[in-house]
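A quick write-up on the structure given underneath.
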Amino acid sequence: MVIKVENLVKRYGDLIAVDHLSLEVQQGEIFGLLGPNGSGKTTLINCILALLKYDKGNISIFGKPMRPDAYDIKRDIGVIMQNVAVFNELTVYENIDYFCGLYVKDKAERKRLVEEAIEFVGLNDFRSFYPKKLSGGLLRRLNIACGIAHKPKLIILDEPTVAVDPQSRNNILEGIVRLNKQGATIVYTSHYMEEVEQICTRIMIIDKGRIIATGTKEELKSMINIGEIVSVGSVELNQTQLETIRRLPNASQVEYENHNLTVTFAKGRSNLLNLMDLLRKENVDYGSVYSQLPTLNDVFLEFTGKQLRD
Amino acid sequence: MPVFRAYRRIIKKNLSQLLIYLAVFIGLAASLLSSGAATPADTVFSDAKVKLAFVDEADSSILTEGLKAYLERYANMVDVKHDRTSLQDALFFEDVDYILRIPSGFTEDFMAGRPIELEKTSRPASFSSVYLDMNINKFLNTARFYLANIPGISQQELVAQVIDDLSVETAVEIRSKVEDINVGDNITSFFNYMSYVLLSLLILGIGTFMMVFNQKDLRSRTLCSSVPLRQQNMQILWGNLIYAVVCWMVMMILGFVMYGRTMLAKPVMLMALNAFVFTLVALSISFMVGSTLNSRNALSAVTNVVSLGMCFTCGVFVPQFMLGEKVLAFAQIFPVYWYVRFNNEIINLGSIALETFKPFLGYMGMQLGIGVAILAVALVIIKQKRQTWEA
Ligand SMILES: Nc1ncnc2c1ncn2[C@@H]1O[C@H](COP(=O)(O)OP(=O)(O)O)[C@@H](O)[C@H]1O
Ligand SMILES: [Mg+2]
């Protein structure tokens, strides 16, 4: 067991930011913490890192209780904070060297590790740049390099892809998977469900500091009764036809707006086929059709009644 | 020593800013030595006169006109429209280097002895803008001195006196230098001026590092590491101490360059000791400033206010005997007062025996006492600002 959190409560005044939350992260996982902004992800992470005092609960890492002075535990953790934390006065190289130096004393060893980290995040051409001169994406990569240079066994990343261009985003996500393949256990928080689905082996969805659901993405999706969502574009329908569609087997929700039709089906067989048959029978023309499997957003919607992202 | 290493690097990157203050000091010190025409400091700085926009929000009074006339010696006046946008544009396009805004009500407040506030905007410090700061202060402090001592003085008389005074002062200084080769006064001024530059260098250097290092996110991130908190603090402490001692040593080397063997005379060595004590006090002031402020701009403003303010009230630039009783009584809460008093008196002490040296120990003791008090306040502030759980 890498991280064990039991019954954690953290209050800010009257606000309960983390509400009786328990979780376990196993060796070798990429554990995703998914929740909208303000759901308590950062607060939870800061409690785990012993940066914040909490009101109730127990936290242990690598089987030992985590405290501000648990320096032997901290040695094996890599931290990538939500807010980029680098010195504007130091270059890319000097920044990574500083953070690596907080864990590794030996100079030659450190030099090797810093070089490796620069290579890993692809900042070779920017090593003597100051952070102010880096784009948002490159800055995030620097932030990551600073957290992983000392080869930690556990890496905690808090929303490392906020305000990042697609290219850097892919670079970062691939990097995380590579780190995991090299043996690191990962905790990854995000409010982007696509990212979490893409890389995480297990996902916990939280809202208002409480756990909504936990499992692999397949497990999470099987918790809700949505088989697929079919969208039909540029289609002309009258009221009677819409009624017929509503009576299709498994059709749980039908929306028709701006000539676009969206039908949500509960799990069942040949849902798409049934809809297509009906349109053909009614002689209705349409521009496009596509069918989507449910997303984590649908899971979130089902449990909380609101969208993951507004 | 990662924290210490970062300290060194950050100081290095701010070296140019720090060297400006050192250069101002060297300019001042050189003016003590040379016996050339006019104020030598003027010659040092006249090459690069500041482009000054003098913005008088109240309709001009005799006092503000007097100030303006006085500043014309040190700056090139530039006419700019007085609205914010034009002023900002002028600053941006380098049409002006320095904007001095006199708020409405300034003259009444000043004449009534109420606290006043001038608003200053300048591009990052340069030799000439620092020098202009000093001259503005010099004018106002001298004026305040007369205001306090001659009740009912009119604006006209006041301005006349001040301008007269500030021009005479330099003439007198120069004559005395030519006539008697008494190094005493000279080296005393050198040491007195040193308090200004030590304060500026320390507040700016230490303040910069502490502010950078204490940024919330950086600090949390460093707290996540395996370097024990106690060690982090020790590294910061060492960094601060070493920086302070290096600044003091630079001053001493400068002294040797300028005064040679005179530096080894007994009273001068005691002044050096006094300067060392003062350096420690300046360190504690800087520590407090660095742990309370959050912005670079605020830092350079505070550096100016604290160092210039203290030095003027305590008799560094205007001799202590010229300051009013009330001012001097007030000045005693500042370490600079005791530092300057030590220097002024020790040079006149014939022989230095244990008995005669006693009051001087007191002067150093006062400085250290104030330093410790400031340090204590700083530690309380740090504790209250703390947002993280620290073992
Ligand atoms: N220092 C703080 N003081 C008071 N409230 C806070 C503080 N930090 C966070 N919060 C509140 O706690 C809740 C959780 O915030 P946070 O952990 O930052 O969420 P997330 O990281 O998921 O966006 C939010 O409602 C936020 O406003
Ligand atoms: Mg967050």
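Protein sequences, first through last, are from chains V and E. Under the numbering used here, residues 1 to 310 are what the first sequence spells out, in order. Under the numbering used here, residues 1001 to 1391 are what the second sequence spells out, in order. Backbone N, C-alpha and C define an ideal beta-carbon position, used for all residues, glycine too.
Chain E partners of residue i, CB-CB under 9 angstroms?
i              : result
Y93 (chain V)  : None at all; the shortest Cβ gap to chain E is about 11 angstroms.
V2 (chain V)   : The contacting residues do not exist; V2 (chain V) stays about 16 angstroms from chain E at best.
P294 (chain V) : The premise fails here: P294 (chain V) is roughly 37 angstroms from chain E at the closest Cβ pair, so nothing lies under 9 angstroms.
M81 (chain V)  : D1217, S1220, R1221 and C1224
Can you list, in chain order, the residues of its chain whose CB lies under 8 angstroms from that of residue i, leaving out five sequence neighbours each side?
i               : result
Y1070 (chain E) : N1135, F1139, V1162, I1163 and L1166
L1241 (chain E) : L1283
K1081 (chain E) : L1087
I118 (chain V)  : V92, Y93, I96, N124, R127 and A145
A85 (chain V)   : N143 and C146
Output, in chain order, the set of chain E residues within a Cβ distance shorter than 8 angstroms of residue i.
i             : result
L52 (chain V) : T1388 and W1389
K74 (chain V) : C1224, S1225 and S1226
I77 (chain V) : C1224
Quick check: is any heavy atom of ligand 2 less than 8 angstroms from the C-beta of residue i?
i              : result
D158 (chain V) : yes
T189 (chain V) : yes
Q82 (chain V)  : yes
Cβ closer than 9 angstroms: which chain V residues qualify as neighbours of residue i?
i               : result
A1298 (chain E) : The contacting residues do not exist; A1298 (chain E) stays about 17 angstroms from chain V at best.
I1010 (chain E) : F87, E89 and L90
What does residue i touch in chain V if you count any residue whose Cβ is under 8 angstroms from its own?
i               : result
L1218 (chain E) : A85, V86 and F87
V1212 (chain E) : F87, N88 and E89
Closer than 7 angstroms by beta-carbon distance: list the chain V residues that pair up with residue i, in chain order.
i               : result
L1223 (chain E) : L51
K1013 (chain E) : E89
P1002 (chain E) : Y98, G101 and L102
Could you name the residues of the same chain whose beta carbon sits closer than 6 angstroms to that of residue i, not counting the 5 residues immediately before and after it, in chain order?
i               : result
D14 (chain V)   : none
N180 (chain V)  : I30 and I186
T201 (chain V)  : E29 and I30
T1401 (chain E) : Nothing in the structure corresponds to residue 1401 (chain E), since chain E is present only between 1001 and 1391.
K221 (chain V)  : P294
D207 (chain V)  : G35, S39 and T304
L44 (chain V)   : V18
L261 (chain V)  : V232 and V235
S1307 (chain E) : Y1196, L1199 and S1200
L33 (chain V)   : K41, T189 and M204
Buried or exposed: which applies to residue i, given that a residue is buried once 16 or more other Cβ atoms fall within 10 Å of its Cβ?
i               : result
M1364 (chain E) : buried
G1113 (chain E) : exposed
M193 (chain V)  : buried
M1249 (chain E) : exposed
Y1092 (chain E) : The residue you asked about is not Tyr; residue 1092 (chain E) is Phe in the sequence shown. F1092 (chain E) comes out exposed.
T1208 (chain E) : buried
M1310 (chain E) : buried
D158 (chain V)  : buried
S1225 (chain E) : buried
N1304 (chain E) : buried
R1386 (chain E) : exposed
D69 (chain V)   : exposed
M1269 (chain E) : exposed
D1056 (chain E) : buried
R247 (chain V)  : exposed
T240 (chain V)  : exposed
E89 (chain V)   : buried
S22 (chain V)   : exposed
F1220 (chain E) : For clarity, residue 1220 (chain E) is Ser in the given sequence; the question names Phe instead. S1220 (chain E) comes out buried.
D298 (chain V)  : buried
Kindly list, in the order they appear in chain E, the residues whose Cβ is closer than 7 angstroms to that of residue i.
i              : result
Y103 (chain V) : S1225 and S1226
Y12 (chain V)  : Ordered by position in chain E, no residue passes the 7 angstroms Cβ test against Y12 (chain V), which lies about 11 angstroms from the chain.
Y71 (chain V)  : S1226 and P1228
Given residue i, which residues of its chain have a CB within under 7 angstroms of its CB, disregarding the five upstream and five downstream residues?
i               : result
N225 (chain V)  : A266 and K267
Q1367 (chain E) : V1277, F1278, V1281, P1335, W1338 and Y1339
K153 (chain V)  : D76, A184 and T185
Y103 (chain V)  : R75 and H150
S60 (chain V)   : K4 and M66
M1 (chain V)    : E24, Q26 and G63
N1192 (chain E) : V1316, V1340 and N1343
Please find out if some non-hydrogen atom of ligand 3 comes closer than 8 angstroms to the beta-carbon of residue i.
i               : result
L1264 (chain E) : Among the ligands present in this structure, namely ligand 1 and ligand 2, ligand 3 is not found.
Exercise for review: Could you please go through the chain and list the residues whose beta-carbon is closer than 6 angstroms to any non-hydrogen atom of ligand 1?
Suggested key: V:Y12, V:L15, V:A17, V:G35, V:N37, V:G38, V:S39, V:G40, V:K41, V:T42 and V:T43
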